[in-house]
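Everything on this sheet refers to the single structure shown next.
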Amino acid sequence: MSARHDESRAMEPKIQSTSWNPEIEKAILKQWEEQDIYRFTISNKPAFVIDTPPPYPSGRPWHIGAAAHYAQIDMIARTARMNGKNVLFPIGIDRNGLPVEIYTEKKHKVRMRQMDREKFLELCKVALDDLEAEMIQIMKGMGVSGNFKEHYRTDSDDYRALTQLTFIELWNRGLVYLANRPNNYCPDCGTTIADAEIIYNEIPTKLVYMKFKIKETGNEVIIASTRPELLFACQAVIVNPADARYKNLQGSHAILPLFNREVQIRPHRSAKPEFGSGAVMVCSYGDQNDVQVFRELGLKEIVALNDNGLTTDAAGQYAGLRINQARTKVIEELVTSGLIVKEENIMHRTPLCERSKTPIEIIPLHDYYVKQMDFVPQLRELAFKLKFHPDMHRQILLNWLDSIAIDWPVSRRRFYGTEIPIWYCNTCKAPNLPVPGRYHRPWKEKPPFDKCEKCGGSEFTGEDRTFDTWMDSSISPLFITKFGNDQKMFSYAYPTAIRPQAKDIIRTWLHYTMLRCVQLTGKMPWDEAWIMGYGVDEKGEKMSKSKGNVVDPFPVIQKYGADTFRFWSASQANLGYDFRCSEQKIAGSQKFLSKLWNIGRFLSSFEVVEERPELEASDRWMMAELVRLVEECRKGYEEYNFFVPANAIRDFTWNLFAAHYVEMVKGRAYSNENNSAKMSALYTLHRCLSTILLLMAPIAPFISEELWTKIYSKETIHLQPMFREEKADSDVRKYTKQIIDFNSMVWNKKKATIKDGKPLSLKDPIGIPVPDELALFAKDLKEMHNLV
RNA sequence: GGAUGGGUGGUCUAGCUUGGUUAGGAUACCUGUCUCACACACAGGUGGUCGAGAGUUCGAAUCUCUCCCCAUCCA
25 MSARHDESRA
35 MEPKIQSTSW
45 NPEIEKAILK
55 QWEEQDIYRF
65 TISNKPAFVI
75 DTPPPYPSGR
85 PWHIGAAAHY
95 AQIDMIARTA
105 RMNGKNVLFP
115 IGIDRNGLPV
125 EIYTEKKHKV
135 RMRQMDREKF
145 LELCKVALDD
155 LEAEMIQIMK
165 GMGVSGNFKE
175 HYRTDSDDYR
185 ALTQLTFIEL
195 WNRGLVYLAN
205 RPNNYCPDCG
215 TTIADAEIIY
225 NEIPTKLVYM
235 KFKIKETGNE
245 VIIASTRPEL
255 LFACQAVIVN
265 PADARYKNLQ
275 GSHAILPLFN
285 REVQIRPHRS
295 AKPEFGSGAV
305 MVCSYGDQND
315 VQVFRELGLK
325 EIVALNDNGL
335 TTDAAGQYAG
345 LRINQARTKV
355 IEELVTSGLI
365 VKEENIMHRT
375 PLCERSKTPI
385 EIIPLHDYYV
395 KQMDFVPQLR
405 ELAFKLKFHP
415 DMHRQILLNW
425 LDSIAIDWPV
435 SRRRFYGTEI
445 PIWYCNTCKA
455 PNLPVPGRYH
465 RPWKEKPPFD
475 KCEKCGGSEF
485 TGEDRTFDTW
495 MDSSISPLFI
505 TKFGNDQKMF
515 SYAYPTAIRP
525 QAKDIIRTWL
535 HYTMLRCVQL
545 TGKMPWDEAW
555 IMGYGVDEKG
565 EKMSKSKGNV
575 VDPFPVIQKY
585 GADTFRFWSA
595 SQANLGYDFR
605 CSEQKIAGSQ
615 KFLSKLWNIG
625 RFLSSFEVVE
635 ERPELEASDR
645 WMMAELVRLV
655 EECRKGYEEY
665 NFFVPANAIR
675 DFTWNLFAAH
685 YVEMVKGRAY
695 SNENNSAKMS
705 ALYTLHRCLS
715 TILLLMAPIA
725 PFISEELWTK
735 IYSKETIHLQ
745 PMFREEKADS
755 DVRKYTKQII
765 DFNSMVWNKK
775 KATIKDGKPL
785 SLKDPIGIPV
795 PDELALFAKD
805 LKEMHNLV
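If you use our numbering, the first sequence corresponds to residues 25 to 812, in order.
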């Protein structure tokens, strides 16, 4: 009789339940909080500061991709912590700018520009509180090991004071200037709007074919336009350089109908030969393309509309009209004069104001610009020094840097943002800036100075505009390291270790942060950039509210638990690539945690052997495979690519350790003789499980903590070193395939052997010899399969 | 229109940098089994020739070229 049939039993398992219960997570969270194991204070350990992306609580639900993103950032933090780093994991919430304004308008059914600014800001200030609380609750529930105690907001006085401080610093160094440039304008709302507020719609419009005279020849050229009312602002006619019809016209002049003004005919690639007649009139500014052509051809603008959305004096007899009125009158006049060849109804992709649905106009406006063109070459060089995870995403930044054509416009005619800290002298109009330090609101406060530094005037008007929100976001590494506030902290923590972020905001957040930090500190803000892909739906398409394919992470985490969600995230999202979100996959991750839990349950019934004894052949083989696993995980963790360890661990644990090794050594493990063969098995079993738990700790912190503290130590797993010295002879790994094949062969034979109308059970004896090349493992294999 | 990434069994995915035994895994599906950690399990099985075409090579999912399709970002 072999040991497997023996009545002798190992001790009772310390773990009773046969499945991982996510409810346990709550208790573990409480322990972590009580023990305060994730605190950060300046020490002689190396700092590892994570420049975390402050999420924006702009609506419900929080994007499941963003939650997965945060789970992975936490894995970075835990990895660094286990590797002996002093980790600062700040928790910030972004609450500035347009989305909160729109949210507030909807929530309270108000219009920002039709109510008192102060009252509106008060509504904005608390509008996101509920959503923020919910978001933080999700983060905590996910086991995010961040600094929740000192969580910050980008709309706090402290944060805004720092944004203003950095602006004043740039101003003093001559890196800010005022310029008059074309900008989006909604004639209905009477204000400039940001690109983000524009929607595009195909709307029907008339394409009008007009006759222009050629000055040089007296011939006519037909020009088609959807904007005849802007005729008076036309400054050029362009034709495609490859268009044979107009080759001979390039360089000559066209005479505008009705206005009799001559303009140049010039080649430009944006003129599409197949659209209209192929000759296009360029007006300042009919659309974004006109803006581009004006810039490229160096044309002088004619301001067509004033701030009230009415045509300017430049329109002559059509001055002072609204766009539609002007359009009607101009077309009438053209028809009367026989200058129209035909009118065509077409669908035109038109930019509209998101709220009024009015077509936007482009008019020149004065705005503040931060210089960036001068820094592009330097940023380009630094981009090569920055370590990108994955490396391929550096290209997105490089492409962006190469395409930058203008400096950064930073002033916005919005309300809920950091105020531009400028007061203008009423006498000489000179801008006066305050001494940096506190948070300034020029639109409602008196200036913190008495006299204009230029003319000595004493009456001032405060600037009423705010900054582009990227002005705030781009100083996150400075804020979290207490730049301009705590020099000791700053020199300890800056430059930070790593910037984790999604790939879609490389051209904004990553770029602007580099720009600003290099301008202000002369140093790169981080050593590494970690770029995650996007969470997309099952079909691989981006989630959006309009498509209705958004997945809410909250019920998913409620149902499956944080660790399942985290393991899913790690095993599904290969670093830098988009990953699909489906509940089926998440449920699949749960199965692995259950498997791991049961391995823990099984091993918890055996004494922990910590001293390494002389190992039996099977145990030496398993240790060699374990070392291989550790090496693979190490590589993944070095890249912060959790996809690698998650899948490697699952494969090893399930398909090798549990399926083959555990079955092979059960006989020895259950043996009631405390001989060296048993000790060798117990040592190896526990060494494997404890190693698996250490490797799993950053990914699934709850279940690894629970099993670790139940079986191995009272100390938390999260402050253990992840990697331990391990010796193994990699040569034994050559048996792996043979062992698997042999086991499979035996199982197949048992399955095919029918006894009493049923196939043999796996425990039934069978007469199969162990092949010579597996002689080393013969004893364990015989025991495992009950070979006779 | 430009850029980036991708197209591998029903679905998802590894492999492609450094070309070479029956293309690995997950999931779904079918069949059987409650075998002393686990039925959220175990065992067995069906299913792909790697987007299309051409080329290089003794040999290509893996290299080169052309084309097609998808996703995302920018215009």
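Using N, Cα and C, we set each Cβ at its ideal position, and we do this for glycine too.
Exposure label - residue i; buried when at least 16 CB within 10 Å
i	result
N264	buried
A266	exposed
P745	exposed
I347	buried
H413	buried
Y813	There is simply no residue 813 to check, as the chain begins at 25 and stops at 812 in what is shown.
Y201	exposed
T777	exposed
F726	buried
A123	In the sequence on display, residue 123 carries Pro and not Ala. Classification of P123: buried, given that the 10 Å Cβ count is 16 or more.
G781	exposed
P793	exposed
Residue i (DSSP reduced to helix, strand or coil)
i	result
V818	With the chain represented from 25 up to 812, any question about residue 818 goes unanswered, as that position is not in the structure.
S43	coil
K192	Checking the displayed sequence, the identity of residue 192 turns out to be Ile instead of Lys. Reduced to three states, the DSSP call for I192 is helix.
S570	coil
E687	helix
M294	Looking at the sequence itself, residue 294 is Ser, so the reference to Met does not match. Coil, per DSSP.
I48	helix
F747	coil
V632	coil
P725	helix
C307	strand
E469	coil
P81	coil
N895	Because the chain spans 25 through 812 in this model, residue 895 falls outside it and cannot be assessed.
D551	strand
S26	In this predicted model, S26 has a pLDDT of only 40, less than 50, meaning its place in the structure is not dependable; the value taken from the coordinates is given anyway. Correct three-state label for S26: coil.
M59	Per the sequence shown, the amino acid found at residue 59 is Gln instead of Met. Correct three-state label for Q59: helix.
K381	coil
D813	This structure gives no information on residue 813, because the portion of the chain shown stretches from 25 to 812.
F616	helix
W86	coil
R119	coil
Sub-8 Å separation of residue i and residue j beta-carbons
i	j	result
W424	R531	yes
P471	F491	no
L17	K235	Past the boundaries of the shown model lies residue 17; the chain is included only from 25 to 812, so the question cannot be answered.
R819	R674	The chain is shown from 25 up to 812; residue 819 falls before or after that span and cannot be answered.
F603	Q596	yes
A91	M166	yes
Y342	A303	no
E607	V580	yes
A705	A721	no
G480	P466	no
N204	L334	no
(message) Is it the case that the segment 502-516 contacts the segment 64-83, given that we only count it when at least three CB pairs across the two stretches are under 8 Å?
(response) yes
(message) Using a Cβ distance threshold of 8 Å, determine whether the segment 78-97 contacts the segment 148-166, with at least three qualifying pairs required.
(response) yes
(request) Ignoring anything shorter than 4 residues or poking outside the segment 507-532, list the alpha helix (DSSP H) runs there in chain order. (result) 511-517
(request) May I ask you to verify whether the segment 535-545 touches the segment 388-401, counting CB pairs closer than 8 Å and requiring at least 3? (result) yes
(message) Pairs of beta-carbons, one from the segment 246-262 and one from the segment 337-355, closer than 8 Å: are there three or more?
(response) yes
(message) Going residue by residue through the segment 148-233, where are the continuous alpha helix (DSSP H) segments of at least 4 residues, counting only ones entirely within it?
(response) 153-165 and 181-196
(message) Any contact between the segment 206-215 and the segment 509-524? By contact I mean 3 or more CB pairs, one from each, below 8 Å.
(response) no
(request) For the segment 272-286 and the segment 222-239, state whether three or more C-beta atom pairs, one from each stretch, are separated by less than 8 Å. (result) Segment contact: the segment 272-286 against the segment 222-239, three or more CB-CB distances shorter than 8 Å; contact assigned.
(request) Could you tell me whether the segment 189-197 touches the segment 457-466, using the rule of 3 or more Cβ pairs below 8 Å? (result) yes
(request) Say whether the segment 797-812 touches the segment 680-695, bearing in mind that this needs 3 or more beta-carbon pairs closer than 8 Å, one atom from each stretch. (result) Judged by Cβ distances under 8 Å, the segment 797-812 makes contact with the segment 680-695, as three or more pairs qualify.
(request) Could you tell me whether the segment 121-135 touches the segment 144-154, where touching means 3 or more Cβ pairs closer than 8 Å? (result) yes
(message) For the pair the segment 698-716 and the segment 630-647, tell me if three or more CB-CB distances fall below 8 Å.
(response) yes
(request) Identify every run of the beta strand (DSSP E) within the segment 439-493, keeping only runs that are complete inside it and at least 3 residues long; order them along the chain. (result) Runs found: 447-449 and 484-486.
(message) Count Cβ pairs between the segment 368-380 and the segment 282-293 that sit closer than 8 Å; are there 3 or more?
(response) no
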